[in-house]
Amino acid sequence: MHLFVVHKSRDTVCEYPDCGKKFKLLSAMRKHYRIIHTDDKPFACPHEECGQRFIDKHDLKSHLVCHETDRRFACDFIGCQKVYINQSTLETHKRIHLNKPTIKCTVEGCAQRFNSYNEVEKHRASVHSMPRKVSTRVRVACLWPGCDFTGVSYRLKLHQNTHTGERPYVCDWPECGKRFPRPDHLKEHKNVHNNVKPYACHWPGCQYRCSYRSSITIHYRQVHKK
């Protein structure tokens with residue numbers, strides 16, 4: 001099966017069933033394919049005592065820094081193992097763990113950041129009056145009886161774990177081992193181990209913060225909405 005095709009526009013299109021996402025670079029498409037559709041990590045660390053594998057050569061190159069004793073700026077979040085060549089790059093990376101926005105608006109002169117490209121598109125449309133990009137990805141319906149969920153193929157796969165009870169994402173904190181159906185659930189769970197509370201209540205004067213997004217809703221209903 002062909003995994004991609006290069007169109008006349010020179011866009012590279014992923015041809016995984018029901019995907020169809022387009023990329024400007026072939027390397028970006030390959031990384032997308034390995035992250036979303038497979039668990040392929042063909043690039044291995046050459047250090048025999050290490051054994052880690054990576055999706056692309058750029059991730060491997062970033063990892064190799066950790067074996068150079070004079071260039072270690074390591075992320076201290078449990079289970080991360082990312083290492084950078086300077087402190088500023090490390091601090092930018094840590095924004096991901098703290099759920100701080102990392103994706104910058106592409107409009108010149110605008111410094112706002114967002115958590116997802118979808119949020120960027122909404123911002124561009126509402127603030128800068130720029131037309132939103134039309135998604136070409138095919139949405140697939142969940143066939144579980146009584147379920148009306150629809151989503152692109154990889155989202156559907158994660159969603160179906162809630163029906164089957166499959167929990168493939170495991171916490172690697174010592175003596176924890178909790179399992180989760182989705183990677184974002186595991187990420188929030190690790191906030192507890194790292195004592196990270198990225199979600200804040202925006203009620204005037206309230207200082208409440210928590211590790212789980214859902215806890216904010218519960219807090220609001222129990223404390224403020226009376």
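For the sequence shown, counting from 1, position 54 maps to 54 in UniProt numbering; every step adds exactly one.
Built from N, CA and C at the ideal position, the CB exists for glycine as well.
- Burial is judged here by how many other beta carbons sit within 10 angstroms of a residue's own beta carbon; residue 130 has fewer than 16 and is exposed.
- When DSSP states are grouped into helix, strand and coil, residue 140 belongs to the strand group.
- Contact annotation: residue 63 and residue 52 have beta-carbon atoms nearer than 8 Å.
- Apart from the 5 residues on each side of it in sequence, residue 181 sits with its Cβ closer than 6 Å to the Cβ of 161, 162, 167 in its chain, given in chain order.
- With a 10 Å radius around the Cβ and a threshold of 16 neighbouring Cβ atoms, residue 49 comes out exposed.
- In this structure, residue 209 sits away from residue 220, with a CB-CB distance that is not shorter than 8 Å.
- When the Cα atoms are used, residue 15 and residue 29 turn out to be separated by approximately 10 Å.
- Straight across, the Cα-Cα distance linking residue 60 with residue 111 is about 31 Å.
- Going by DSSP, residue 192 is part of the alpha helix (DSSP H) stretching over 183 to 193.
- Around the beta-carbon of residue 127, fewer than 16 other beta-carbon atoms lie within 10 Å, marking it exposed.
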